[in-house]
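Enquirer:
Protein chains: 2
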Amino acid sequence: MSRAEYPVYLQLRDRLWTWIEQEQLCSQQKLPSERELSERFGTTRVTIRQALSQLEAEGLIFRSNRRGWYITPERLRYDPSRDIGFNHYVTEQGFSPRTETLFKELTEMPPWLSEITGLPVGTPIYHVFRRRYVNERGLLVEHNFINPAKCPGLLSESTDLSIWKMLKEQYDLVPDHRDIEIYPLALKGLEAESLNVNQGTAGLYIHRLSFDQEGEFLELDREYWLHDALKISVHVGSRH
Amino acid sequence: MSRAEYPVYLQLRDRLWTWIEQEQLCSQQKLPSERELSERFGTTRVTIRQALSQLEAEGLIFRSNRRGWYITPERLRYDPSRDIGFNHYVTEQGFSPRTETLFKELTEMPPWLSEITGLPVGTPIYHVFRRRYVNERGLLVEHNFINPAKCPGLLSESTDLSIWKMLKEQYDLVPDHRDIEIYPLALKGLEAESLNVNQGTAGLYIHRLSFDQEGEFLELDREYWLHDALKISVHVGSRH
DNA sequence: AAGTGGTCTAGACCACGTG
DNA sequence: ACGTGGTCTAGACCACTTT
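From first to last, the protein sequence lines stand for chains A and B.
Take the first sequence: its letters are residues 0 to 239, numbered as in numbering that gives the first Met the number 0.
Take the second sequence: its letters are residues 0 to 239, numbered as in numbering that gives the first Met the number 0.
As structure tokens, this is what we get:
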């Protein structure tokens with residue numbers, strides 16, 4: 000006997016959940032249309048959408064803008080403290096990675112970045128904006144701000160692969176220490192558009208500021224992930 | 000000239016944002032009622048609620064269940080890799096911490112925990128469930144699972160303060176290494192109720208599994224944070 | 001007792017994606 | 001061209017909080 004005040008949309012969430020299990024829908028499969036679902040479950044579109052949003056928040060399903068609802072794939076494990084590239088740890092987990100460079104440019108350091116790096120406003124800086132896929136689902140977009148003094152000519156190379164690897168192998172640059180910040184936020188503007196999600200979709204922000212052995216600014220990474228796309232996993236202390 | 004397709008609720012979000020700035024509403028202050036806002040901004044309650052939900056997702060405002068909308072305080076900085084207690088780092092940042100023990104018990108290790116710790120199902124285990132406040136806003140609830148073999152009698156002490164500190168000072172237990180997991184999720188059931196938020200509110204899950212020098216299970220922490228409450232901040236590498 | 005937020009209905013229009 | 005998801009309206013009832 001369910002409690003009387005248990006709202007319809009939560010009942011629907013549960014019924015949808017079991018329905019999805021019964022139908023054995025798998026990763027990336029599409030759900031029926033909202034109108035069809037609202038008929039099938041005997042409610043209005045508004046209410047079924049509330050239930051779908053619940054499942055979205057819980058990470059069971061996701062939506063691609065104006066294209067419908069899909070089953071969310073398993074989360075990607077990610078260790079931001081490790082020095083390996085995206086492609087490496089994605090393939091390591093048996094998935095298929097892809098990176099698209101949306102733009103890259105040589106620009107001048109804006110005030111907010113100057114505050115972080117300690118370098119003067121207007122210092123030349125590389126800016127790369129990329130989108131990363133796992134199994135052809137876009138999971139994150141990423142802004143890279145790189146110190147050109149450390150790696151002249153970087154932008155003329157392809158940036159569709161690991162920037163880490165290039166810095167290491169071609170410029171012998173290895174980050175010595177790093178400040179990492181992580182927090183949930185809403186995906187908005189350019190980031191939401193690039194990931195084909197609605198304005199305000201839940202996301203996770205990861206910020207990595209790297210310095211070299213001399214304590215000089217190497218690179219800043221600003222990653223905007225879908226909230227359901229990853230599980231951060233870090234080992235701290237001895238005994239790796 | 001705004002683009003024609005710029006939806007009303009996003010315009011409302013922007014207008015609400017500037018309105019809040021103009022009114023100079025501060026941390027924890029209450030917004031007017033939804034009906035009043037919808038009148039003031041010339042729209043319906045449904046649409047104003049959509050705009051409010053946007054601002055909620057962005058972390059500018061939050062709601063306390065059935066009590067209305069409030070301005071979100073500044074995020075708490077938090078380093079899960081450091082060995083200091085909640086009270087310590089909250090006061091360090093000039094805030095006022097409080098911890099409530101919702102229950103504590105000696106129970107038997109369930110299968111899911113057994114898988115994680117490697118200890119057999121049914122092994123005695125302490126279970127503490129606590130709620131933590133900053134400036135009287137409940138920011139997280141936390142399940143602690145502690146190995147009683149390492150600290151007999153722990154439950155008879157007050158658990159309203161730092162468990163870390165007790166383990167260290169009274170039992171001489173210091174974690175040697177730790178597995179940390181972090182990911183966004185929806186707050187549901189007990190966790191949502193305890194934090195007085197709606198089912199499905201965005202949250203952040205932090206999981207810390209600690210072992211001692213012998214590699215034996217010490218403690219498991221499972222923290223459920225409000226999504227807008229914290230900013231994880233970690234330093235990696237040399238030069239602290 | 002009054003007012004609030006949470007929920008729900010039964011429609012509607014539009015821009016966009018897909019066939 | 002059609003159907004879809006995204007948006008929006010104008011109501012309504014209820015449980016709960018606050019006065």
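All C-beta atoms, glycine included, are put in the ideal place defined by N, C-alpha and C.
Output the residue ranges of the beta strand (DSSP E) runs that lie fully inside the segment 100-144 of chain A and measure 3 residues or longer, sorted by chain position.
Expert: Runs found: 123-133.
Enquirer: How about A:G236 and A:W163: are their beta carbons less than 9 Å apart?
Expert: No, the Cβ-Cβ distance between A:G236 and A:W163 is not below 9 Å.
Enquirer: Using the three-state DSSP reduction, which class does B:T241 fall into: helix, strand or coil?
Expert: Since the displayed chain B opens at 0 and closes at 239, residue 241 of chain B lies outside it and no answer follows.
Enquirer: Would you mind sorting A:A148 into buried or exposed? The rule is 16 or more other CB atoms within 10 Å of its CB.
Expert: Under this definition A:A148 is an exposed residue.
Enquirer: With a 10 Å radius around its C-beta and 16 neighbouring C-beta atoms as the bar for buried, classify B:D78 as buried or exposed.
Expert: It is exposed - the Cβ of B:D78 has fewer than 16 other Cβ atoms within 10 Å.
Enquirer: Which runs of the alpha helix (DSSP H) spanning at least 4 residues fall entirely within the segment 21-86 of chain B, listed in chain order?
Expert: DSSP runs (the alpha helix (DSSP H)) wholly in the segment 21-86 of chain B: 33-39 and 44-57.
Enquirer: Would you say B:E107 and B:L166 are within 9 Å of each other, going by their C-beta atoms?
Expert: No, Cβ-Cβ distance for B:E107 and B:L166 is not below 9 Å.
Enquirer: Of the residues B:Y125, B:K103 and B:I181, which one's Cα is nearest the Cα of B:C150?
Expert: If we check each option's Cα against that of B:C150, B:Y125 comes out closest.
Enquirer: Just to confirm before moving on: does the CB-CB distance between A:Y182 and B:K29 stay below 9 Å?
Expert: Against a cut-off of 9 Å, the Cβ pair of B:K29 and A:Y182 comes out as no contact.
Enquirer: So, using beta-carbon positions, are A:T71 and A:F61 closer together than 9 Å?
Expert: A contact, by the Cβ cut-off of 9 Å.
Enquirer: By alpha-carbon positions, which one of B:A50, B:N146 and B:R14 ends up nearest to B:L113?
Expert: It should be noted that the sequence gives Ser, not Leu, for residue 113 of chain B. Checking every option, the nearest Cα to that of B:S113 belongs to B:N146.
Enquirer: Name, in chain order, the residues that DSSP records as bridge partners for A:D220.
Expert: A:N143 and A:R207.
Enquirer: Anyone know if the C-beta pair for A:L101 and A:V89 falls short of 9 Å?
Expert: No; because the gap between Cβ atoms is not below 9 Å, this pair is not in contact.
Enquirer: Pull the bridge partners of A:S155 from the DSSP assignment, please.
Expert: Its beta-bridge partners do not exist; DSSP assigns none.
Enquirer: Below 9 Å between beta carbons: does that hold for B:L138 and B:W224?
Expert: Yes.
Enquirer: In terms of residues, what are the limits of the beta strand (DSSP E) holding A:Y170?
Expert: Here A:Y170 belongs to no beta strand (DSSP E); instead the alpha helix (DSSP H) covers I162 to Y170.
Enquirer: Residues of chain B with CB under 7 Å from A:Y182, in chain order?
Expert: Chain B residues near A:Y182: R74, L229, K230 and I231.
Enquirer: Return the first residue and the last residue of the alpha helix (DSSP H) that B:A191 is part of.
Expert: B:A191 -> alpha helix (DSSP H) spans G188 to S193.
Enquirer: So, is B:D220 buried or exposed, given that buried needs 16 or more other C-beta atoms within 10 angstroms?
Expert: By the 10 Å Cβ count, B:D220 comes out buried.
Enquirer: What I want to know is whether the C-beta of A:R39 ends up closer than 8 Å to one or more non-hydrogen atoms of the ligand MN.
Expert: No copy of the ligand MN appears in this structure; indeed no ligand is present at all.
Enquirer: Taking the Cβ atom as the reference point for each residue, do A:E104 and A:L154 lie within a distance shorter than 9 Å?
Expert: Yes. Within cutoff.
Enquirer: Three-state secondary structure (DSSP) at A:E213?
Expert: Of the three classes helix, strand and coil, the one that applies to A:E213 here is coil, per DSSP.
Enquirer: So, using beta-carbon positions, are B:I179 and B:R207 closer together than 9 Å?
Expert: Yes; because the gap between Cβ atoms is below 9 Å, this pair is in contact.
Enquirer: Grouping DSSP H, G and I as helix and E and B as strand, with all else coil, what is B:V89?
Expert: Three-state DSSP puts B:V89 in a helix.
Enquirer: Name, please, each residue of chain A whose Cβ falls closer than 9 Å to the Cβ of B:D178.
Expert: In chain order: S232, V233, H234 and V235.
Enquirer: In the structure shown, what three-state DSSP assignment does B:Y8 receive?
Expert: Here B:Y8 sits in helix by DSSP.
Enquirer: B:T43 to B:Q53, Cα distance in whole Å?
Expert: The straight-line gap from Cα to Cα measures roughly 16 Å.
Enquirer: Which of the three DSSP states is assigned to A:G13 in this structure?
Expert: One detail in the question is off: residue 13 of chain A reads as Asp in this sequence, not Gly. If DSSP states are grouped into helix, strand and coil, A:D13 belongs with the helices.
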